[in-house]
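Q: Dropping the structure in here first, questions after.
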Amino acid sequence: MNQRWDADTVRGYMQWLETPRGAFAVRHEQRLLHHMVSGWPRRGHTLLEVGCGPGVFLESFWGAGFDVTGLDSSEAMLEAARERMHCRADFHLGVADHLPFDDDAFDYVALLTCLEFVPDPAAALAEAFRVASRGVLVAFLNRISPYYPTHGVPMPGLRGSLLRQARWFSVPSMYGLVRGTGVSCSVTMRSVLHGPACTWREARLFEMLNGWISLSPFGAYVAMRMDFGRRMPVTPLMLRTGKAAVSRMAPGRQAATDGFSCRRKHGA
C-alpha cells in the first residue's frame with residue numbers, strides 16, 4: 001500500500017480534493033461520517049483512524065471532539081497529515097493488518113476508504129475490532145453504484161488509476177467481512193453520493209440527490225458502524241433478586257440495528 005502512495009501520488013490526491021468535484025464529494029462524505037458517529041460519546045474518548053492519509057477526516061474527527069490518532073503505511077501521507085494536524089494528533093507508521101497497539105487500546109477505530117487498498121481486508125478488519133473497545137466505523141467505495149462503471153472498472157491503458165486498481169466492495173460483501181470477524185456487534189449502514197460523478201456539483205437538485213443520507217445500498221460512499229455490547233466481567237456481578245436485568249449498553253449507544261447483528265462464534 002505504501003508504494004502506491006508516494007509523494008507525487010499524495011500531491012495529486014491533495015490537488016483533487018481542491019477541485020469542485022473533490023470538494024463536493026468530501027463535504028458529503030464528512031456529513032455522512034458525522035451522522036454515523038453522532039451517537040458516540042466523544043469528549044475524553046479516543047479514536048484511531050487506520051489509513052489516515054493526509055488527515056482530512058482525522059481533522060474532522062478531532063473537530064467533533066475525539067482524541068485522535070492516525071496510522072498509515074505511507075510516510076508521504078503521514079507527512080501531509082502532520083502538516084495539517086500539527087500537535088492535535090499522534091501518528092504512527094504501520095500496516096492495517098498488524099496494528100502496533102494492545103487489545104482495546106482505543107474506544108473507536110475508523111477505516112475510511114482503507115480496506116480497498118490493503119492485501120488482506122479481513123485481517124485488517126479483525127485488527128480494528130481487536131484494538132477497539134466500543135465500536136468500529138468503516139467507509140468504503142461501493143461496487144454497486146453509478147460511480148463504479150466510470151471510475152472503478154479495470155480498463156486497459158488506465159492501470160495508473162489507483163481507483164481502478166482498488167478492491168471495491170458492496171454492502172453484502174462488507175456485511176460478510178463483518179460476520180467473518182465473529183465479534184458480537186450491532187451494525188448500522190448509510191450511504192451518500194447516489195448519482196454519477198457528473199452530478200457531483202453544486203446545483204440544488206444534485207445536492208439533494210447526492211447529499212441524501214439514506215439506507216440505500218447504492219450510494220458511491222457507504223459507511224457502516226459496528227457497535228459492541230459492553231464487555232461482561234469474567235465473574236458476573238450479583239444482581240438484586242426480583243429485579244429486571246439492566247441494559248449494559250454504553251451511554252448514548254443505539255440498540256437498534258438495520259436488521260443485522262453479528263454474534264461471536266461458538267468457542268471464541
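For the sequence shown, position 140 (counting from the first letter as 1) is numbered 140 according to the UniProt record's numbering, and the numbering increases by one without interruption. Quick reminder that beta carbons are idealized off the backbone N, C-alpha and C, glycines included. These numbers come from a predicted model, not from an experiment.
#1: If you measure between the beta carbons of residue 177 and residue 223, is that distance less than 8 Å?
#2: Quick check: what's the CA-CA separation for residue 218 versus residue 153?
#3: Measure how close the beta-carbons of residue 80 and residue 119 come, nearest whole angstrom, since I'm counting them as under 8 Å.
#4: Can you find the residues in the same chain that come closer than 7 Å, C-beta to C-beta, to residue 21, ignoring five residues on each side of it along the sequence?
#5: With a threshold of 6 Å on Cβ separation, who are the neighbours of residue 263 within its own chain once the five nearest residues in sequence on each side are excluded?
#6: Using a Cβ-Cβ cut-off of 7 Å (strictly less than) and excluding sequence neighbours within five positions of residue 43, which residues of its own chain qualify?
#7: Go through the segment 200-234 residue by residue and report every complete run of the alpha helix (DSSP H) that reaches 4 residues or more, in order.
#8: Confirm, please, whether the CB-CB distance from residue 68 to residue 104 is below 8 Å.
#9: With H, G and I counted as helix, E and B as strand and the rest as coil, what does DSSP make of residue 113?
#10: Tell me whether residue 265 sits in a helix, a strand or coil according to DSSP, three-state version.
#11: Below 8 Å on the Cβ atoms is my contact criterion, and I expect residue 109 with residue 48 to pass it. Report the Cβ-Cβ distance as a whole number of Å.
#12: Counting only the same chain and skipping the five closest in sequence on each side, list residues whose C-beta sits under 8 Å from that of residue 19.
#13: Using the C-alpha atoms, what's the distance from residue 114 back to residue 92?
A: Per the coordinate set shown:
#1: As a working mapping, residue 177 is identified with position 177 in the sequence shown. As a working mapping, residue 223 is identified with position 223 in the sequence shown. No, these two residues do not count as a Cβ contact at 8 Å.
#2: Indexing the sequence shown from 1 puts residue 218 at position 218. Indexing the sequence shown from 1 puts residue 153 at position 153. In a straight line, the C-alpha of residue 218 is about 16 Å away from that of residue 153.
#3: Indexing the sequence shown from 1 puts residue 80 at position 80. Indexing the sequence shown from 1 puts residue 119 at position 119. Wrong, their Cβ atoms sit about 23 Å apart, outside the cutoff.
#4: Along the sequence shown, read from residue 1 onward, the residue named residue 21 stands at position 21. So the list reads 197, 200, 201, once near-sequence residues are dropped.
#5: Locating residue 263 in the sequence shown gives position 263, where the first residue counts as 1. Interpretation of residue 263 is limited by its pLDDT of 47, a score under 50 that renders its predicted location unreliable; no figure is taken from the coordinates.
#6: Within the sequence shown, the letter at position 43 stands for residue 43. Hits under 7 Å: 65.
#7: 204-211
#8: As a position in the sequence shown, residue 104 is number 104, starting the count at 1. As a position in the sequence shown, residue 68 is number 68, starting the count at 1. No; because the gap between Cβ atoms is not below 8 Å, this pair is not in contact.
#9: Position 113 of the sequence shown, counted from the first residue, corresponds to residue 113. In the structure shown, residue 113 sits in coil (DSSP, three-state: anything other than H, G, I, E or B).
#10: For the purposes of this step, residue 265 is identified with residue 265 of the sequence shown, where counting begins at 1. Note that residue 265 scores a pLDDT of 39, beneath 50, so its modelled location is shaky; the value from the coordinates is reported in the next line. Residue state, collapsed to three classes: coil.
#11: By 1-based counting over the sequence shown, the position of residue 109 is 109. By 1-based counting over the sequence shown, the position of residue 48 is 48. Rounded, the Cβ-Cβ distance is 5 Å, consistent with contact.
#12: To locate residue 19, count along the sequence shown from 1; it is residue 19. For residue 19, where only same-chain residues beyond five positions count, there are no Cβ hits under 8 Å.
#13: Along the sequence shown, one-based indexing puts residue 92 at 92. Along the sequence shown, one-based indexing puts residue 114 at 114. Straight-line Cα distance between these residues: approximately 16 Å.
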